[in-house]
């Protein structure tokens with residue numbers, strides 16, 4: 185683990201991830217309620233949150249630390265991030281001041297900053313988050329950036345461990361419908377996680393929703409190192425046959441990135457990509473349904489699946505707390 | 185006390201309430217600043233709050249515990265609660281995921297969820313809050329639901345104790361004006377509290393604002409057990425004669441529940457139900473004015489009363505902290 | 185220091201300020217992570233905040249205490265402050281109830297309440313904040329009122345100490361452009377701080393932006409006591425010649441206070457009051473640029489200055505945490 189940052193699961197080898205998860209297990213069995221006594225975590229949410237907001241605060245508290253939350257636009261003014269701009273608009277403060285100042289008040293900072301959703305190359309390069317990270321000289325946690333969500337990926341890996349899904353299992357990352365184009369952060373992070381864990385990974389998505397080549401290439405490199413594989417297809421039948429895990433996720437069209445009208449036109453005919461019980465007809469017995477939440481019921485995934493025995497979504501969410509405690513312990517334990 | 189829930193004062197006998205208040209007194213005299221060390225309270229506010237938001241956090245902190253706050257619609261997306269719905273609207277997450285996830289991050293959860301104010305039977309049955317409570321396998325505190333506000337009722341009981349108001353005193357729950365139809369939670373909770381404490385309870389309200397029969401019936405049962413009585417009237421003169429306590433409260437028309445226009449028409453002529461000093465002309469000497477706050481000055485209650493010696497509204501509010509510490513201690517002390 | 189309030193740097197002599205800063209230094213060198221264990225700070229933000237919101241919470245936590253945040257209008261209803269008003273509008277609660285209640289839940293309260301910006305005399309008298317302060321019987325911290333910002337002033341003094349700026353240095357409080365009329369709180373507080381520290385203080389502002397006579401008079405009295413001086417001018421050349429510190433700050437026209445159109449007309453031609461590197465052409469070598477933040481880049485101050493070696497704005501912001509810990513320690517240490 186980089187000494188002081190948790191920004192991307194791809195910064196870690198499979199063995200390093202397993203070490204971090206071993207620490208998470210140890211903290212569950214042997215709590216350390218004073219490990220981070222006196223330590224302060226700043227949490228900056230440029231976008232809404234439920235799991236991350238609650239679990240980061242709860243995780244710090246369970247380790248004896250404290251956190252504060254800053255939500256630009258709600259109780260705090262909007263932040264400007266463009267360089268060189270003449271700030272005569274709505275944003276009252278630039279990240280070049282705001283973020284270093286917040287970092288100077290705490291021992292570690294977490295930042296959530298979703299994709300802008302306009303420029304695919306910029307979002308895939310995570311240029312916005314990287315610009316923020318460059319301003320901060322404290323331990324830093326990525327709470328979801330344009331193209332990454334390492335806390336989610338780590339929780340998902342632990343969930344696969346908890347469910348005793350072997351590395352050689354078939355993991356299908358399946359696009360599912362949503363009223364709007366959502367960011368690529370979770371699909372990219374889940375893909376990389378599954379590749380690094382050694383799975384036979386199939387990205388199943390309609391035409392127009394292919395994951396960006398750079399994202400695929402990174403996952404392929406991880407798969408080569410772990411003995412897994414990665415491929416992409418629009419053929420639901422072949423993808424789902426024999427699947428051990430279906431990881432449902434919504435994302436926007438990459439062919440029409442930033443073009444809401446074209447994206448909407450494309451997804452209009454794709455409602456039947458919703459995951460239903462019938463989705464699992466040819467899957468392996470006991471195939472699990474994963475989803476990072478929040479999930480739109482009966483749009484992305486049907487009630488019958490979310491409320492049935494396949495669903496491990498609540499365990500994934502609970503594991504956010506469990507693995508983040510390990511991350512915080514690693515970053516902040518004196 | 186039910187092992188792990190504080191949802192309704194009606195779940196307790198009078199003696200059980202007195203035990204809880206004795207614990208509150210003990211914690212005031214002998215603070216236990218480490219009693220809840222390491223314990224985490226999650227607070228979910230589906231509606232605004234001042235007293236509850238501040239006093240629950242302060243109470244946890246005074247007992248050594250920690251809390252986090254989730255406010256759907258502010259920093260967190262809106263939550264859907266309808267079953268079976270196709271979630272293609274504004275709400276991004278269903279309570280069936282959101283609430284169990286939050287519960288999994290903490291040791292106890294508090295939830296505030298006001299009445300919808302459309303279907304009287306559903307609100308009186310507290311069906312929305314009950315559906316939420318059924319999803320949560322942790323200690324749970326009702327921070328005000330459609331038809332209940334047990335923390336307020338407990339604080340009000342303590343206030344009557346503090347003011348040495350005897351059980352046999354006359355307690356008048358008096359409807360007062362407000363620009364809009366407010367929920368029935370506090371009047372229902374105050375009525376039950378006063379009945380359980382043994383008072384001669386008079387619900388004084390204009391025609392069209394009768395409390396629901398189910399609410400009255402529960403209070404009558406409590407009064408029978410305690411030796412008190414409950415009746416309802418629109419006659420201010422008889423109601424206020426000899427009153428020892430006037431508990432002022434705003435609520436919406438039950439005859440036109442959910443019909444804002446009809447409610448507004450009804451309340452248009454009722455401005456003189458405002459509590460003024462003259463309201464107490466025939467009351468017992470030293471008659472107190474209670475109100476749960478927030479109160480609209482010079483609409484519901486006149487300045488002269490709120491700023492005079494009868495008002496115990498600040499004590500009621502302070503007692504929220506005092507009694508909630510007992511509730512948290514009971515629910516969470518290992 | 186008044187036993188239990190931190191409302192105005194003008195309540196302190198220069199020696200008392202130096203004592204407080206010595207405590208801040210001591211807490212930096214010898215942290216006291218349990219000094220405020222069990223103590224609770226309530227923070228009421230009637231206006232947005234970044235530094236204050238984060239640093240007050242972080243400061244309490246670093247001293248072992250806890251804080252809670254109340255933001256009327258966000259999760260809490262709006263508060264009414266006018267006396268005698270009939271509350272049939274948007275505000276659901278009056279400060280006469282809201283503030284004493286919050287005070288009763290905590291050991292100290294901090295309040296931020298910006299100027300209304302309509303009535304100059306009322307704002308200069310800080311009548312709104314004073315009315316709130318009169319309702320509170322607990323230690324109280326001014327987190328920025330209509331005409332004051334003592335935490336900022338104290339942090340700025342410390343920054344001058346850190347930068348080894350001698351008392352006899354020339355301190356130029358320079359008006360800078362902003363899209364809107366901003367309050368007088370920071371210029372008034374910075375002016376007073378610099379006068380009390382003994383500087384040769386020059387208030388440099390365009391015609392129409394003179395600081396109120398009462399503010400100037402108070403600063404002049406402080407300057408007389410400290411051996412400094414205070415004067416006001418619209419002549420940039422003479423003001424900036426030999427300056428050791430330029431403290432840039434935006435504020436609204438006092439000649440057209442509360443008249444947005446007249447204010448806008450006046451500031452339309454003043455864009456070149458922006459602080460650029462050329463602003464320092466005749467300044468003393470090593471002249472510093474101070475600003476309380478948030479700063480609108482390339483409107484108030486150019487990138488070249490903020491990103492260059494003169495800027496001490498991040499140190500000022502960090503010192504907010506440092507000095508506030510001393511304030512909290514003084515107010516709350518048992």
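Protein chains in written order, with the numbering used here: chain A, 185 to 518; chain B, 185 to 518; chain C, 185 to 518.
The C-beta atom is built at its ideal place from N, Cα and C for all residues, glycine as well.
Bridge partner(s) assigned by DSSP for residue i
i	result
residue 416 of chain B	B:387
residue 495 of chain C	C:473
residue 357 of chain A	A:387 and A:431
residue 531 of chain B	In this structure chain B extends from 185 to 518, so residue 531 of chain B is not present and cannot be described.
residue 479 of chain A	Beta-bridge pairing links residue 479 of chain A to no other residue.
residue 485 of chain A	A:459 and A:481
Interface flag, residue i vs chain A, CB-CB below 8 Å
i	result
residue 483 of chain C	yes
residue 278 of chain B	yes
residue 502 of chain C	yes
residue 457 of chain B	no
residue 325 of chain C	no
residue 454 of chain C	no
residue 284 of chain B	yes
Within-8 Å CB hit, residue i to chain B
i	result
residue 513 of chain A	no
residue 519 of chain C	In the structure as shown, chain C begins at 185 and stops at 518. Residue 519 of chain C is therefore absent and cannot be evaluated.
residue 288 of chain C	yes
residue 299 of chain A	no
residue 232 of chain A	yes
residue 271 of chain C	yes
residue 239 of chain A	yes
residue 430 of chain A	no
residue 260 of chain C	yes
Same chain, Cβ closer than 6 Å to residue i, neighbours up to 5 away in sequence not counted
i	result
residue 339 of chain B	500, 503, 504 and 507
residue 441 of chain C	304
residue 473 of chain C	430, 489, 494 and 495
residue 380 of chain B	198, 406 and 410
residue 446 of chain B	440
residue 375 of chain A	357 and 403
residue 241 of chain A	251
residue 192 of chain A	332 and 334
Near the ligand NAP: residue i beta-carbon under 7 Å from a heavy atom
i	result
residue 337 of chain B	Among the ligands in the structure shown, none appear at all, so the ligand NAP cannot be discussed.
Any chain C beta carbon closer than 8 Å to residue i
i	result
residue 363 of chain B	yes
residue 517 of chain A	no
residue 462 of chain B	no
residue 248 of chain A	no
residue 320 of chain A	no
residue 421 of chain A	no
residue 245 of chain B	yes
residue 196 of chain A	no
Sequence-distant residues of its chain with Cβ nearer than 7 Å to residue i (five each side left out)
i	result
residue 239 of chain B	504, 505 and 508
residue 250 of chain A	224 and 244
residue 211 of chain A	509, 510 and 513
Sequence-distant residues of its chain with Cβ nearer than 8 Å to residue i (five each side left out)
i	result
residue 237 of chain C	227, 229 and 253
residue 415 of chain B	385, 386 and 387
residue 217 of chain C	246, 247 and 248
key: Uninterrupted beta strand (DSSP E) stretches inside the segment 285–331 of chain B (no shorter than 3 residues)   = 292–296 and 324–326
inquiry  = Give the list of continuous alpha helix (DSSP H) stretches no shorter than 4 residues that lie fully inside the segment 421–460 of chain A.
reply    = 444–452
inquiry  = Ignoring anything shorter than 3 residues, give me the beta strand (DSSP E) runs that lie fully in the segment 200–280 of chain A, in order along the chain.
reply    = 224–229 and 250–254
task = Count the C-beta pairs between the segment 375–391 of chain C and the segment 341–360 of chain C that are closer than 8 Å, then say yes if the count reaches three, no if not.
result = yes
query = Per the contact definition of three or more C-beta pairs closer than 8 Å, is the segment 453–468 of chain C in contact with the segment 360–378 of chain C?
reply = yes
query = Below 8 Å, can you find three or more Cβ-Cβ pairs linking the segment 282–293 of chain B to the segment 315–331 of chain B?
reply = yes
query = Does the segment 256–275 of chain C touch the segment 473–484 of chain B, meaning 3 or more C-beta pairs lie closer than 8 Å?
reply = yes
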